[in-house]
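Trainee: Before I ask anything, here is the structure I am working with.
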Amino acid sequence: MMGTPVLTIDGPSGAGKGTVSRAVANLLGWHYLDSGSIYRSLAIACLQTEVDLSDVAAVCDIAQNMQLSFECGETLQVSLNEQNITHLLGTETTGNAASIVAAYPEVRAILLQKQKDFQQLPGLVADGRDMGSVVFPHAEFKVYLTASAEERASRRYKQLIEKGIDANLSQITREIEERDRRDSERATAPLMVPEGATFIDSSSLSIQQVIDAVIALVR
Ligand code: DC
8 MMGTPVLTID
18 GPSGAGKGTV
28 SRAVANLLGW
38 HYLDSGSIYR
48 SLAIACLQTE
58 VDLSDVAAVC
68 DIAQNMQLSF
78 ECGETLQVSL
88 NEQNITHLLG
98 TETTGNAASI
108 VAAYPEVRAI
118 LLQKQKDFQQ
128 LPGLVADGRD
138 MGSVVFPHAE
148 FKVYLTASAE
158 ERASRRYKQL
168 IEKGIDANLS
178 QITREIEERD
188 RRDSERATAP
198 LMVPEGATFI
208 DSSSLSIQQV
218 IDAVIALVR
């Protein structure tokens with residue numbers, strides 16, 4: 008809905024956007040759009056139907072016909088064609104496939120309106136790569152949240168080890184750098200600092216310090 012305030016939080020993967028956006032949305036009582044989960048859901052749909060990720064027409068067909076529903080409870084629950092896919096969203100396989108399908112301009116065009124529809128009263132916190140540049144260019148509040156690739160890799164590594172998942176720090180660093188490159192160098196809606204955005208480097212900040220800085224911007 009036009010006139011509804013929007014706070015966009017863009018940045019590379021692993022910068023803490025998800026945690027910060029959810030916390031800020033909760034504090035403000037605003038809706039939350041995790042746009043990465045839309046691309047991740049499409050990736051899951053493609054992997055499940057074993058479509059060739061380089062077949063743009065086939066990927067578009069899936070994007071056009073997938074039924075997505077988001078339920079914001081304690082954690083975000085996502086259903087794809089009435090199947091709960093929440094447990095599949097966070098894997099590296101899904102993230103890498105999402106970054107591939109997200110590079111197609113045709114795919115981005117199909118998913119644009121789905122994202123705009125999240126702009127509902129009393130407000131929206133939108134998290135992604137192109138929220139402030141393409142999807143909500145007129146947003147009242149814009150943040151670009153980043154951290155060094157080493158810091159992001161080490162956070163990801165710790166998360167995996169805590170979950171008891173075997174992980175390799177140098178491999179994670181390589182994957183993060185490759186994902187950054189793909190997300191930043193694509194022709195359509197690349198990762199960039201949107202005009203008018205407040206730049207926050209979280210490398211040496213706690214999550215709480217970042218949340219406080221974002222809230223201060225809106226209040
Ligand atoms: O934020 P994330 O890691 O969940 O995003 C997964 C992939 O989706 C990311 O590598 C690039 C793509 N993406 C995008 O192109 N545009 C967005 N607004 C959000 C995510």
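Heads up, the sequence shown is in my numbering, so the first residue is 8 and it goes up one at a time.
Ideal Cβ positions, reconstructed from N, Cα and C, are used throughout, including at glycine.
How far does the beta strand (DSSP E) with G135 in it extend, from its first residue to its last?
Mentor: Position 128 of the sequence shown, counted from the first residue, corresponds to residue 135. That run of the beta strand (DSSP E) goes L131 to G135.
Trainee: Quick check on the DSSP output: the alpha helix (DSSP H) that includes E182 runs from which residue to which?
Mentor: Here the question's residue 182 lines up with position 175 in the sequence shown. L176 to E192 is the span of the alpha helix (DSSP H), which, as asked, contains E182.
Trainee: Give a yes or no on whether the C-beta atoms belonging to A50 and A104 are separated by under 8 Å.
Mentor: Reading the sequence shown from its first residue, position 43 is the one you call residue 50. Reading the sequence shown from its first residue, position 97 is the one you call residue 104. Closer than 8 Å, so yes.
Trainee: May I ask you to list the residues that DSSP assigns as paired with K5?
Mentor: The chain is shown only over 8 to 226; residue 5 falls outside these bounds and no answer can be derived.
Trainee: Give, in chain order, every unbroken run of the alpha helix (DSSP H) that is at least 4 residues long and sits entirely within the stretch 60-128.
Mentor: Within the stretch 60-128, the complete alpha helix (DSSP H) runs of at least 4 residues are 63-72, 93-96, 99-108 and 112-123.
Trainee: Is it true that the stretch 41-49 meets the stretch 148-165, where meeting means three or more beta-carbon pairs spaced less than 8 Å apart?
Mentor: At 8 Å Cβ cutoff, the stretches do not touch.
Trainee: Using C-beta distances below 7 Å, list every residue in its chain close to K24, excluding the 5 sequence neighbours before and after it, in chain order.
Mentor: Looking up residue 24 in the sequence shown gives position 17. Contacts found: I16, G18, D134 and L152.
Trainee: Identify, in the order they occur along the chain, each residue of the same chain with its Cβ nearer than 6 Å to the Cβ of T82, setting aside the five sequence neighbours on each side.
Mentor: Within the sequence shown, residue 82 is the residue found at index 75, counting from 1. Correct list: empty, nothing qualifies.
Trainee: Where L224 and R193 are concerned, what is the direct C-alpha to C-alpha distance, given to the nearest angstrom?
Mentor: Indexing the sequence shown from 1 puts residue 224 at position 217. Indexing the sequence shown from 1 puts residue 193 at position 186. L224 and R193: Cα-Cα distance of roughly 30 Å.
Trainee: In three-state terms, what does DSSP make of I207?
Mentor: As a working mapping, residue 207 is identified with position 200 in the sequence shown. Three-state result, I207: strand.
Trainee: Within 10 Å of its beta-carbon, does I214 have 16 or more other beta-carbons around it, so buried, or fewer, so exposed?
Mentor: Within the sequence shown, numbered from 1, the residue matching residue 214 stands at position 207. Exposed, because fewer than 16 other Cβ atoms sit within 10 Å of the Cβ of I214.
Trainee: Distance, Cα to Cα, Q71 vs S20?
Mentor: For the purposes of this step, residue 71 is taken as the residue at position 64 of the sequence shown. For the purposes of this step, residue 20 is taken as the residue at position 13 of the sequence shown. Each residue's Cα considered, the two are about 25 Å apart.
Trainee: Are the CB atoms of V114 and C67 within a distance shorter than 8 Å?
Mentor: Translated into positions along the sequence shown, residue 67 becomes position 60. Translated into positions along the sequence shown, residue 114 becomes position 107. Against a cut-off of 8 Å, the Cβ pair of V114 and C67 comes out as a contact.
Trainee: Ends of the beta strand (DSSP E) at D219?
Mentor: Sequence index remark: in the sequence shown, residue 219 carries index 212 (1-based). D219 -> not in any beta strand (DSSP E); alpha helix (DSSP H) instead, spanning I214 to V225.
Trainee: Among residues of its own chain, excluding the 5 on either side of Q90, which ones have a beta-carbon nearer than 8 Å to its beta-carbon?
Mentor: Your numbering for residue 90 matches position 83 in the sequence shown. The answer is none, since no qualifying residue turns up.
Trainee: Determine the burial state of H94: buried for a count of at least 16 other Cβ atoms within 10 Å of its Cβ, exposed for fewer.
Mentor: Counting from one through the sequence shown, the residue named residue 94 turns up at place 87. It is exposed - the Cβ of H94 has fewer than 16 other Cβ atoms within 10 Å.
Trainee: Quick check on the DSSP output: the beta strand (DSSP E) that includes L198 runs from which residue to which?
Mentor: Taking the sequence shown and counting its residues from 1, one reaches residue 198 at position 191. Neither: L198 is in no beta strand (DSSP E) and is coded neither H nor E.
Trainee: Are there any heavy atoms of ligand 1 lying less than 7 Å away from the beta-carbon of R47, as far as the coordinates show?
Mentor: In the sequence shown, counting from the first residue as 1, residue 47 sits at position 40. R47: yes, Cβ under 7 Å from ligand 1.
Trainee: What span of residues does the alpha helix (DSSP H) with K24 cover, start to end?
Mentor: As a position in the sequence shown, residue 24 is number 17, starting the count at 1. Looking at the DSSP string, the run of the alpha helix (DSSP H) that includes K24 is K24 to L35.
Trainee: Could you pull the DSSP bridge partners for Y46 from this structure?
Mentor: The sequence position of residue 46 within the sequence shown is 39, counting from 1. Y46 is not bridged to any residue.
Trainee: On the CB-based measure, 16 or more other CB atoms within 10 Å of its CB, does L87 come out buried or exposed?
Mentor: Looking up residue 87 in the sequence shown gives position 80. When all chains shown are included, L87 counts as buried.
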